[in-house]
Every structure is written in structure tokens, then in C-alpha cells.
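Novice:
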Amino acid sequence: MSLVTRSGILLRSHPYSETSRILRVLTSEGGIVSLMAKGVRSSASKGGGGLDHFSTLEVVYYDREGRDLHTLKEFRTTRARGGIGREVLRFAAAAFLAELVLGHTLQEGNPELYRGLEEGLEALTIEPTESIPGLLLSVGWRLLSDLGFPPALTTCIGCGRPIPAGEALARFDPGGGGLLGPECAEEGEGARLGPGAREELRAIVAGEPPTPVRRPDVHFRLMERFALHHLDRTRPFRSTGTLLPLLEKEVEEDPS
Ligand SMILES: [Zn+2]
Numbered sequence: 005m006s007l008v009t010r011s012g013i014l015l016r017s018h019p020y021s022e023t024s025r026i027l028r029v030l031t032s033e034g035g036i037v038s039l040m041a042k043g044v045r046s047s048a049s050k051g052g053g054g055l056d057h058f059s060t061l062e063v064v065y066y067d068r069e070g071r072d073l074h075t076l077k078e079f080r081t082t083r084a085r086g087g088i089g090r091e092v093l094r095f096a097a098a099a100f101l102a103e104l105v106l107g108h109t110l111q112e113g114n115p116e117l118y119r120g121l122e123e124g125l126e127a128l129t130i131e132p133t134e135s136i137p138g139l140l141l142s143v144g145w146r147l148l149s150d151l152g153f154p155p156a157l158t159t160c161i162g163c164g165r166p167i168p169a170g171e172a173l174a175r176f177d178p179g180g181g182g183l184l185g186p187e188c189a190e191e192g193e194g195a196r197l198g199p200g201a202r203e204e205l206r207a208i209v210a211g212e213p214p215t216p217v218r219r220p221d222v223h224f225r226l227m228e229r230f231a232l233h234h235l236d237r238t239r240p241f242r243s244t245g246t247l248l249p250l251l252e253k254e255v256e257e258d259p260s
């Protein structure tokens, strides 16, 4: 048993008993670690020192080699992100991103993924409300790419031909991994995407989402289906139930 110190992002914390919790932490160097935290205050406690979701922590733990659950010795919050809890939309977006990362059994460190999540959560803390849907989509696609599943958007996943601009038929096939061009879309599966929606999707994936995204609910569904397929999930994401109605509401309230 060795003592290990790491920086990590708290993805999930749930009670194990009256006085202990199990933490799931994404670390840069060691992937996702599960830590048994005894005698810590719950995330609901005020006044600092508690364990808040989506904070960056420095954790010191006893690494029990060959085991999946290690024992937390101590922790220090190096960056609290209380701003995320200020709005349901922000919190649900962060919860979805955490679920994306937790959907993959990550044993080794993935510095790109770590940076992507940390920058994404930071932006969710400070950006204005109208930017949150686009931000969620961009960061979600970035994390999926960092996990090894970038969507194919420039050439057809069926035949490899370039996807033309303009009105030609195209579909987004989540299982296939991206866009089907006009020659393959006729017989193909997945939602039809018009030229405007395709441009919007490319901008979102490139990290430059428009504000507002015209149909954040439609884009979210595409990303969610893609993630469910490629992360081999058997259950839907829990945060979708909260998130999707909020994204649909954004559409209703947009006068354009
Ligand atoms: Zn094709």
C-alpha cells in the first residue's frame, strides 16, 4: 500500500454510510479513481471544506494495489466551482459531462481529456446563460473525441466521398460514427440534417458554437445517441431527463 498525491476533478460523490462517501475522481495521470472518504462533510454543507461536485481537488490516498477502491487520507479544494450550482441548466450540463467521462472505464491517464473537462467546467462556471447550451455541446463532442470517438463530418462514413455543401440530402448516423452523404443517405439510418444544421454541427464540434444554437435539443439528441453507442452504455444518461426539457425550453423562448 503506497501513499499517492494527485490532482483530480470530483465527478461524483455518493453516500456509503452515515459517515462515509465514495468519490469518483478523474485524475490527469491515473484516469478515474474511486476513493472511500471517511468522516467527510457532504457536498451540501456550507462554508467551504466540503466536497463539492465538479471542484478540482488535491487528493492524498492510500493506493491499495490491485483494488478498485482506495482510501482517501486527506484532500484540499484547489478550485471550487460553486457557480455551476447556481442554475439548473449549468448543473445538469456539468452532470452530463461527468457522466460522459464516467461512461468509459478509464484506467490510464488522459491529459487531453482532463484538460478538456477542466476547461469545460470552468467555462460552465463563468459564461453567460445563453452560451451554456452551445458550450455543453462543444465540450461534450470534445470529450468524446478525446475518448477516441471523433465524429466524421467532412466525408461520408459509407463511401468516403466529401459531404457537399448545399441542399443535398445527408443524415447523421450515430452508430456509424458521423455523416452519410447524398449517395448513401437514401438507404441509410439516422436523422436527416439540412445544410444549416450541418454547418452548425461542424462549428459546435470545432469548439466555436453559435450563440444561440438554433436547435440545442436536436443537437443534444444527436450527441447523446452517438455517445450511448460508442461508450457501450446499456442505460441512458441520468442527466438527460433534466437537461432535455431545459434545452427544449430554450427553443420555445427564442423569438427568432
Ligand atoms: Zn456515401
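Going by our numbering, 224 is the number at position 220 of the sequence shown; the sequence numbering is gapless.
Every residue gets a Cβ at the ideal spot worked out from N, C-alpha and C, and that includes glycine.
1. Going by DSSP in three states, Met5 sits in which element: helix, strand or coil?
2. Thinking Ala189 and Leu205 are a contact (beta carbons under 8 Å), I'd like their distance in whole angstroms, please.
3. Apart from the five residues on each side of it in sequence, which residues of its chain come closer than 6 Å, Cβ to Cβ, to Gly162?
4. Quick one: grab the DSSP three-state call for Leu55.
5. Sorted by chain position, which residues of the same chain lie with C-beta nearer than 6 Å to Gly152's C-beta, five sequence neighbours on each side aside?
6. Pull up the CB-CB distance for Pro216 and Gly194, whole angstroms please, since I reckon it's below 8 Å.
7. Which word fits Asp56, buried or exposed, when buried means at least 16 other C-beta atoms lie within 10 angstroms of its C-beta?
8. Return the chain-ordered ranges of every alpha helix (DSSP H) run that is complete within the segment 127-167 and spans a minimum of 4 residues.
9. From Arg202 to Thr60, what does the alpha carbon distance come to, in whole angstroms?
10. Within the same chain, show all residues whose beta-carbon is closer than 8 Å to that of Glu212, passing over the 5 residues directly before and after it, in chain order.
11. So, at 6 Å on beta carbons, what are the nonlocal neighbours of Trp145 in its own chain, with the 5 sequence-adjacent residues on each side left out?
12. Assign Ala169 to one of two classes, buried (16 or more other C-beta atoms within 10 Å of its C-beta) or exposed (fewer than that).
13. From which residue to which residue does the alpha helix (DSSP H) around Phe95 run?
14. Who sits around ligand 1, taking every residue whose Cβ is closer than 5 Å to one of its heavy atoms?
15. According to DSSP, simplified to helix, strand and coil, what is Tyr65?
16. Would Phe79 pass as a contact of Val92 if the rule is Cβ separation under 8 Å?
17. Between Lys77, Ala99, Ser11, which has its C-alpha nearest Arg25's C-alpha?
18. Counting pairs of beta carbons, one from the segment 241-251 and one from the segment 87-104, are three or more of them closer than 8 Å?
19. Where does Thr31 land, buried or exposed, given buried means 16+ other C-beta within 10 angstroms?
20. Is the Cβ-Cβ distance between Ile88 and Leu125 less than 8 Å?
21. What separation, rounded to the nearest whole angstrom, lies between the Cα atoms of Ser47 and Phe58?
22. Does DSSP put Pro199 in a helix, a strand or coil?
23. Using the C-alpha atoms, what's the distance from His74 back to Val262?
24. Look up Met40 in the DSSP assignment and give the residues it is bridged to.
25. Taking the Cβ atom as the reference point for each residue, do Arg85 and Thr133 lie within a distance shorter than 8 Å?
Specialist: Let's see:
1. Your numbering for residue 5 matches position 1 in the sequence shown. In the structure shown, the three-state DSSP call for Met5 is coil.
2. Within the sequence shown, residue 189 is the residue found at index 185, counting from 1. Within the sequence shown, residue 205 is the residue found at index 201, counting from 1. Not confirmed; about 15 Å, so no contact.
3. Locating residue 162 in the sequence shown gives position 158, counting from the first residue. Non-local C-beta neighbours of Gly162 in its own chain, meaning closer than 6 Å and more than five positions away in sequence, comprise Leu184, Cys188, ordered along the chain.
4. Reading the sequence shown from its first residue, position 51 is the one you call residue 55. Reduced to three states, the DSSP call for Leu55 is coil.
5. Position 148 of the sequence shown, counted from the first residue, corresponds to residue 152. Contacts found: none.
6. Here residue 216 is taken as the residue at index 212 of the sequence shown, counted from 1. Here residue 194 is taken as the residue at index 190 of the sequence shown, counted from 1. Taking the Cβ atoms as the reference, Pro216 lies roughly 24 Å from Gly194, outside the contact range of under 8 Å.
7. As a position in the sequence shown, residue 56 is number 52, starting the count at 1. A buried status is given to Asp56, since no fewer than 16 other beta-carbon atoms sit within 10 Å of its beta-carbon.
8. Fully enclosed alpha helix (DSSP H) runs of 4 or longer: 136-150.
9. Walking along the sequence shown from the start, residue 202 turns up at place 198. Walking along the sequence shown from the start, residue 60 turns up at place 56. When rounded, the distance between both Cα atoms is 35 Å.
10. Mapped onto the sequence shown, residue 212 falls at position 208. Cβ neighbours of Glu212 beyond the five flanking positions: Ser142.
11. Here residue 145 is taken as the residue at index 141 of the sequence shown, counted from 1. Excluding sequence neighbours, Trp145 sits near Val209.
12. Stepping through the sequence shown from its first residue, residue 169 is reached at position 165. Residue environment: Ala169 is assigned as exposed (fewer than 16 neighbouring CB atoms within 10 Å of its CB, all protein chains considered).
13. Here residue 95 refers to the residue found at position 91 of the sequence shown. It spans 92-106 - the alpha helix (DSSP H) in which Phe95 sits, taken as one unbroken run.
14. Every residue whose Cβ sits closer than 5 Å to any heavy atom of ligand 1 is listed here in chain order: Cys160, Gly162, Cys163, Gly185, Glu187, Cys188.
15. Indexing the sequence shown from 1 puts residue 65 at position 61. The three-state reading of DSSP puts Tyr65 in strand, counting E and B together.
16. Within the sequence shown, residue 79 is the residue found at index 75, counting from 1. Within the sequence shown, residue 92 is the residue found at index 88, counting from 1. No, the Cβ-Cβ distance between Phe79 and Val92 is not below 8 Å.
17. Numbered from its first residue, the sequence shown carries residue 25 at position 21. The shortest C-alpha separation from Arg25 is found at Lys77.
18. Three or more pairs of CB atoms, one per stretch, sit closer than 8 Å, so the segment 241-251 contacts the segment 87-104.
19. As a working note, residue 31 is residue 27 in the sequence shown. Burial is judged here by how many other beta carbons sit within 10 angstroms of a residue's own beta carbon; Thr31 has at least 16 and is buried.
20. Along the sequence shown, one-based indexing puts residue 88 at 84. Along the sequence shown, one-based indexing puts residue 125 at 121. Yes; because the gap between Cβ atoms is below 8 Å, this pair is in contact.
21. As a first step, residue 47 is located in the sequence shown; it is residue number 43 there, counting from the start. As a first step, residue 58 is located in the sequence shown; it is residue number 54 there, counting from the start. Only weak support is given to the placement of Ser47: the predicted model assigns it a pLDDT of 48, under 50, and the value that follows is read from those uncertain coordinates. Rounded to the nearest whole angstrom, the C-alpha separation of Ser47 and Phe58 is 11 Å.
22. As a working note, residue 199 is residue 195 in the sequence shown. In the structure shown, Pro199 falls within a helical segment according to DSSP collapsed to helix, strand and coil.
23. Outside the displayed span of the chain (5 to 260) sits residue 262, for which this structure offers no information.
24. Indexing the sequence shown from 1 puts residue 40 at position 36. Residue pairing by DSSP places Met40 opposite Ile26, Thr75 in a beta bridge.
25. Locating residue 85 in the sequence shown gives position 81, where the first residue counts as 1. Locating residue 133 in the sequence shown gives position 129, where the first residue counts as 1. No. Outside cutoff.
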